[in-house]
Every structure is written in structure tokens, then in C-alpha cells.
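Protein chains in written order, with my numbering: chain A, 1 to 240; chain B, 241 to 480. Think of the CB as a built atom: it goes at the ideal place given N, C-alpha and C, for glycine as much as any other residue. Below you'll find the structure, written out as C-alpha cells, and then a few comments.
Number of protein chains: 2
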Amino acid sequence: MMFELLYWDGLQGRGEFVRLALEEAGATYTDIVREPHGMPAIMNLLQSETEPHPPFAPPILRDGDVLISHVANILMYLGPKLGLAPRDEGARFWANGLQLTITDLVAEAHGTHHPIASGDYYEDQTDAALARSADFRRKRLPKFLGYFERVLTQNPDGNRHCVGNALSYVDLSLFQVVAGLRYAFPRATASLPERSPAVWAVHEAVRARPNIARYLASDRRLAFNETGVFRHYPELDRAD
Amino acid sequence: MMFELLYWDGLQGRGEFVRLALEEAGATYTDIVREPHGMPAIMNLLQSETEPHPPFAPPILRDGDVLISHVANILMYLGPKLGLAPRDEGARFWANGLQLTITDLVAEAHGTHHPIASGDYYEDQTDAALARSADFRRKRLPKFLGYFERVLTQNPDGNRHCVGNALSYVDLSLFQVVAGLRYAFPRATASLPERSPAVWAVHEAVRARPNIARYLASDRRLAFNETGVFRHYPELDRAD
Chain A
1 MMFELLYWDG LQGRGEFVRL ALEEAGATYT DIVREPHGMP AIMNLLQSET EPHPPFAPPI
61 LRDGDVLISH VANILMYLGP KLGLAPRDEG ARFWANGLQL TITDLVAEAH GTHHPIASGD
121 YYEDQTDAAL ARSADFRRKR LPKFLGYFER VLTQNPDGNR HCVGNALSYV DLSLFQVVAG
181 LRYAFPRATA SLPERSPAVW AVHEAVRARP NIARYLASDR RLAFNETGVF RHYPELDRAD
Chain B
241 MMFELLYWDG LQGRGEFVRL ALEEAGATYT DIVREPHGMP AIMNLLQSET EPHPPFAPPI
301 LRDGDVLISH VANILMYLGP KLGLAPRDEG ARFWANGLQL TITDLVAEAH GTHHPIASGD
361 YYEDQTDAAL ARSADFRRKR LPKFLGYFER VLTQNPDGNR HCVGNALSYV DLSLFQVVAG
421 LRYAFPRATA SLPERSPAVW AVHEAVRARP NIARYLASDR RLAFNETGVF RHYPELDRAD
């Protein structure tokens with residue numbers, strides 16, 4: 001299998017959820033933006049007036065003739081091919097539902113620094129960002145983390161995985177979202193390991209997996225920064 | 241087939257995208273909240289400490305032992321069962337990607353009246369709502385509508401459907417989002433039929449389908465109102 005990932009350069013962003021699945025599985029893939037003429041190729045696809053399945057936005061996965069966009073959609077497609085999804089059909093929809101909850105959490109994390117206009121600068125919407133971040137830290141973040149703690153502790157197959165008794169792409173994505181939240185909100189998430197021990201344990205277990213550890217130490221893993229989804233603006237972070 | 245839909249009462253909301261698919265297919269389903277003890281049943285499920293697959297939020301579909309949440313996930317599950325999804329696997333992921341773009345549009349429409357805190361009142365976040373609505377009307381709405389116009393016009397099977405040459409749940413959802421936007425933003429969408437003729441044609445064609453027309457005229461179809469996703473606050477709507 002030879003996959004192509006089409007995503008922006010310079011940030012982990014939403015593309016990182018796809019990269020983690022490909023890296024864990026040891027899949028062969030090309031990060032198109034880091035190839036010669038990669039960026040024009042992505043822009044041509046986004047602006048194509050003839051592509052039968054035009055994508056709305058990156059990340060996009062190309063697998064031969066198939067073009068797929070939206071993180072959860074890409075992971076639902078890749079999961080069985082990479083051995084990162086359950087075999088049972090019902091369990092696959094459970095995994096997809098969990099991934100879509102992660103999608104919502106990621107969108108809300110992005111909203112903390114862009115509550116008014118995603119195309120404008122953070123610096124032009126700081127008042128709203130302060131108010132929205134307070135709501136996120138105090139209400140939304142505890143709700144999401146409490147939910148995933150329940151998902152893990154209520155899993156009949158044990159609390160080491162979100163879905164069944166094996167690693168899935170949902171665990172990888174949960175690792176990434178926890179890592180991002182710890183970067184963006186170090187004070188608000190300081191107590192996360194104690195308050196959400198099962199979520200934290202998944203984060204730690206994924207981080208230690210050989211292929212993931214190798215990836216995280218490689219130059220393919222970009223550092224978190226203030227152009228991605230998870231941004232560290234100290235004024236938006238409080239212990240509350 | 242006997243499905244159960246678990247969703248709030250008193251609003252169309254995100255549940256409406258599921259209802260439209262069930263109604264078009266003539267499926268037998270129960271809208272649990274409108275049954276005796278429906279609301280406590282939903283709350284019990286949301287708060288359950290034993291449910292192996294706890295949902296984060298409604299809408300939720302129950303099909304026997306299977307519980308599925310998130311609109312796009314429910315529709316991807318229901319699509320093949322209701323004859324509202326393509327048979328080809330690649331086309332199903334195309335449909336799901338389109339549905340997830342609709343999901344994003346719906347979330348952004350909700351964000352126009354709740355840019356700061358989804359749990360607070362609109363009246364407590366009107367300044368931010370005015371700013372966010374302006375960005376939505378001027379930039380985001382044209383981008384989304386222009387995208388779906390391209391999806392239709394670039395469809396090799398013709399511009400009458402989003403996916404292939406047959407009705408799918410994506411067409412039904414596109415109808416609903418256009419109906420909601422026309423309700424919430426009558427001035428900003430006044431030119432929609434002229435500017436997005438293929439999108440508008442899908443809206444009109446879906447509205448005229450016998451099962452949909454019958455549903456829309458029934459008391460099962462609630463009116464749009466200011467508790468749902470699409471709310472008409474005149475101050476947020478401008479022709480720009």
C-alpha cells in the first residue's frame with residue numbers, strides 16, 4: 001500500500017491524526033507537501049474544476065483512485081487496512097462515533113483562539129478568545145475528558161483501549177488530543193493525569209509504542225506551534 | 241426494521257437530518273422523546289455508568305443492540321439499510337466526506353449565535369455573535385455554498401445529486417441545511433437560488449419528493465425556532 005497525505009506544511013494540525021495511524025502501522029506514505037511541487041499540487045486539487053470528488057479542505061488521503069477527506073473519514077477508511085480498527089461492523093461505528101467526538105473537541109480547542117473568524121488573526125479576536133477559553137477550560141474540557149474517562153472505564157474489555165481489547169486509531173487520536181491540550185493549556189490540564197487516569201494511561205501507552213516513539217523522535221514530527229490547532233497563548237490558560 | 245431515535249424535543253436540531261432519511265425511506269421508527277417516559281430514558285442513557293458504548297450527546301440511533309451517535313455516523317450506518325447510500329465502497333466514503341462538510345457548516349451556523357459558550361444564553365454573547373455572523377455571511381457561507389455548487393456541477397453523473405446518479409442521504413441533508421439557512425438568514429440567502437442554482441434545485445427536488453412532502457406537512461415536522469441550530473435573529477442577518 002502506498003498512500004499520499006495532502007496537508008499543509010509547518011504544523012501538525014488535523015493532518016497529525018492521520019500521520020499517527022500511518023506511522024503506527026508502518027505504512028508507506030508520502031507527505032505530499034514536503035515533496036517538490038507538493039504545495040501547488042494540493043492547491044490545484046482544491047481549486048480543480050474537473051475533479052469528480054473535490055475535497056473541501058485538507059487533510060486529504062489519496063489511495064490510488066480514491067480521494068478521501070475529513071480526519072474521521074480517512075481514519076474509518078484506513079483503520080481496517082492498517083489493522084487499527086475492530087473487525088466487527090458495530091464496533092467500527094462505535095470507533096467512528098468516538099473519533100467524531102474527538103473531532104468536536106479539536107474544533108472547540110481551535111475555537112478558543114479563533115472564536116470569531118477562522119480566517120482572521122488571533123490578535124484581532126483576543127477579547128472573545130479570553131471569554132471562550134474560560135468556558136472551554138471550565139466546562140467543555142472537563143466534559144470531554146470525563147466522557148473519555150467513562151468510555152475507558154466502562155469498556156467491558158478493560159480500560160486500556162477505547163474500543164474493545166486492542167489498539168485502534170481512536171487511542172492514537174486520544175493520545176494526540178491529550179498531547180495538544182497539555183501543550184496549549186499546561187495550567188488547565190496540570191491535574192489531568194490524576195483526574196483522568198485512564199485517559200492519561202492511554203496517552204502514556206501510545207507514546208511508548210515503538211513505532212510512535214520512533215516517529216515522535218524523528219524530524220517528521222513537527223513541534224507544536226502557534227499556527228496549528230493547539231496553540232499556547234499563556235493568557236488563555238488558567239488553573240481556574 | 242424498527243429504529244429508535246433519541247433526541248431532544250421541541251426543536252428540529254441535528255436530529256432532523258436523521259428524521260429526513262428515515263421519513264424518505266418510509267422506515268418504521270420511534271422518536272423516543274415523544275413517547276411516555278422518553279426524556280428520562282434519554283437522560284438515563286447519557287448518564288449511564290454501565291453502558292458499554294456511552295454516547296456523548298444526542299442524536300443517537302438505536303438499532304437492536306447497536307447504539308450509534310453523531311449525525312454523519314448514523315447516516316453512514318443507515319444509508320445502505322435505507323437505500324440512501326451508493327453501493328460502491330469508495331462512493332460511500334465520498335458521501336461520508338460530504339456529510340462531514342455539512343456537519344461543519346451546521347456547527348458554524350450554530351456558532352453564529354453561540355460564539356463564546358454553547359451552554360450560555362444567546363443574549364449574553366450578542367457582541368461576539370454580531371461579529372461572528374458577519375464573518376459567516378461574508379466568507380464562510382459563500383465558501384460552503386460555492387463548494388456544494390462545485391460538487392454538483394462536477395459530478396460526472398449530472399448535477400441533480402451530490403453522489404452519483406441517485407438520491408442519497410447527502411441530498412436530504414443539503415435540503416435541510418439550505419432550509420435552515422433560509423430561515424435563519426433570509427436576507428443573506430436571498431440570492432441563493434440564483435448564485436447556487438444546482439444547490440437550490442436539489443433543495444426543491446427533495447422538498448417535492450412524496451414522502452418528504454408528506455412529512456413536512458405532518459405534525460412530526462416541527463417548525464424552525466430559536467432553540468435549534470438555525471435561529472432567526474434579525475440583527476445577525478444582513479444582505480451585506
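>> Suppose you measure from the CA of Glu23 of chain A to the CA of Leu100 of chain A; what does that come to, to the nearest Å?
In response: 21 Å
> Taking 8 Å as the CB-CB limit, is Tyr169 of chain A close to chain B?
Replying inline: no
>> If the cut-off is 8 Å on Cβ atoms, which residues from the stretch 9 to 22 of chain A count as contacting chain B, listed in chain order?
In response: none
>> Whether or not the stretch 285 to 295 of chain B and the stretch 143 to 158 of chain A are in contact is what I'm after, with contact meaning three or more pairs of Cβ atoms, one per stretch, closer than 8 Å; do they touch?
In response: By the Cβ test, the stretch 143 to 158 of chain A is in contact with the stretch 285 to 295 of chain B, since at least three Cβ pairs between them sit closer than 8 Å.
> Alpha carbon to alpha carbon, what distance is there between Ser218 of chain A and Arg471 of chain B?
Replying inline: 48 Å
>> Let me check understanding here. Comparing Cα to Cα, which of A:Tyr147, A:Thr28, A:Glu149, A:Val206 lies closest to Ala166 of chain A?
In response: A:Val206
>> I need the straight-line Cα distance from Ala190 of chain A to Val178 of chain A, nearest angstrom please.
In response: 11 Å
> Below 8 Å, can you find three or more Cβ-Cβ pairs linking the stretch 265 to 279 of chain B to the stretch 131 to 149 of chain A?
Replying inline: no
>> Restricting to Cα atoms, I'd like to know which of A:Ser168, A:Met2, A:Val229 is closest to Arg92 of chain A.
In response: A:Ser168
> Listing by chain order, which chain B residues have their CB less than 9 Å from the CB of Leu5 of chain A?
Replying inline: Those within 9 Å of Leu5 of chain A in chain B number zero; the least Cβ separation is about 15 Å.
>> Quick check on the burial criterion: 16 or more other C-beta atoms within 10 angstroms. Buried or exposed for Gln47 of chain A?
In response: exposed
> When you compare only the Cα positions, how much space is there between Ile452 of chain B and Arg460 of chain B?
Replying inline: 11 Å
> How big is the Cα-Cα spacing for Pro326 of chain B and Asp88 of chain A?
Replying inline: 21 Å
> How should Arg187 of chain A be labelled, buried or exposed, when 16 other C-beta atoms within 10 angstroms of its C-beta is the threshold for buried?
Replying inline: It is exposed - the Cβ of Arg187 of chain A has fewer than 16 other Cβ atoms within 10 Å.
>> Tell me the DSSP secondary structure of Tyr269 of chain B in three-state form.
In response: When DSSP states are grouped into helix, strand and coil, Tyr269 of chain B belongs to the strand group.
>> If you follow the beta strand (DSSP E) that Asp303 of chain B is in, where does it begin and where does it stop?
In response: 300 to 303
>> Quick check: the stretch 114 to 127 of chain A against the stretch 366 to 385 of chain B, are at least 3 beta-carbon pairs closer than 8 Å?
In response: yes
> Which residues of chain A have a Cβ atom closer than 8 Å to the Cβ of Arg390 of chain B, listed in chain order?
Replying inline: Here the neighbours are Glu49, Pro54.
>> Strictly under 8 Å for the Cβ-Cβ distance: is Phe425 of chain B near chain A by that measure?
In response: no
> Who are the neighbours of Gly278 of chain B on chain A, taking C-beta pairs under 7 Å?
Replying inline: Within chain A, no residue has its beta carbon less than 7 Å from that of Gly278 of chain B; the closest one is some 21 Å off.
> Can you list, in chain order, the residues of the stretch 392 to 405 of chain B whose Cβ is nearer than 8 Å to any Cβ on chain A?
Replying inline: Gln394, Asn395, Pro396
>> Going by DSSP, what residue range makes up the beta strand (DSSP E) through Ile116 of chain A?
In response: Segment: none, Ile116 of chain A is in no beta strand (DSSP E) and carries neither H nor E.
> Start and end of the beta strand (DSSP E) containing Glu24 of chain A?
Replying inline: Taken as a continuous stretch (DSSP letters only), Glu24 of chain A belongs to no beta strand (DSSP E), being part of the alpha helix (DSSP H) at 15 to 24.
>> Quick check: is the beta carbon of Ile326 of chain A nearer than 8 Å to any beta carbon in chain B?
In response: One cannot answer for residue 326 of chain A here, as it falls past the ends of chain A, which runs 1 to 240.
> Roughly how many angstroms lie between the CA atoms of Ala335 of chain B and Val258 of chain B, to the nearest whole one?
Replying inline: 15 Å
> If contact means a Cβ-Cβ distance below 7 Å, which residues of the stretch 83 to 112 of chain A contact chain B?
Replying inline: Listed in sequence order: Gly90, Phe93, Trp94, Asn96, Gly97, Leu100, Thr101, Ala107.
> Can a CB atom of chain A be found closer than 8 Å to the CB of Asp477 of chain B?
Replying inline: Closer than 8 Å to the CB of Asp477 of chain B there is not a single CB belonging to chain A.
>> Please confirm whether Asp375 of chain B has its beta-carbon closer than 8 Å to some beta-carbon of chain A.
In response: yes
>> As an exercise, report each continuous beta strand (DSSP E) stretch of at least 3 residues that is fully enclosed by the stretch 321 to 382 of chain B, in chain order.
In response: none
>> I want to verify the contact list: residues of chain B whose CB lies under 9 Å from the CB of Asn225 of chain A, in sequence order.
In response: Ordered by position in chain B, no residue passes the 9 Å Cβ test against Asn225 of chain A, which lies about 24 Å from the chain.
> Does DSSP put Val306 of chain B in a helix, in a strand, or in coil?
Replying inline: Strand, per DSSP.
>> Suppose you measure from the CA of Leu67 of chain A to the CA of Met39 of chain A; what does that come to, to the nearest Å?
In response: 17 Å
> If you compare alpha carbons, which of A:Arg150, A:Phe175, A:Phe3, A:Gly97 is closest to Val202 of chain A?
Replying inline: Closest in alpha carbon position to Val202 of chain A, among A:Arg150, A:Phe175, A:Phe3, A:Gly97, is A:Phe175.
>> For Pro355 of chain B, would you say it is in contact with chain A, using Cβ-to-Cβ distances shorter than 8 Å as the test?
In response: yes
> By the criterion of Cβ-Cβ separation under 8 Å, what are the contact partners of Gly119 of chain A in chain B?
Replying inline: Asp375, Lys379
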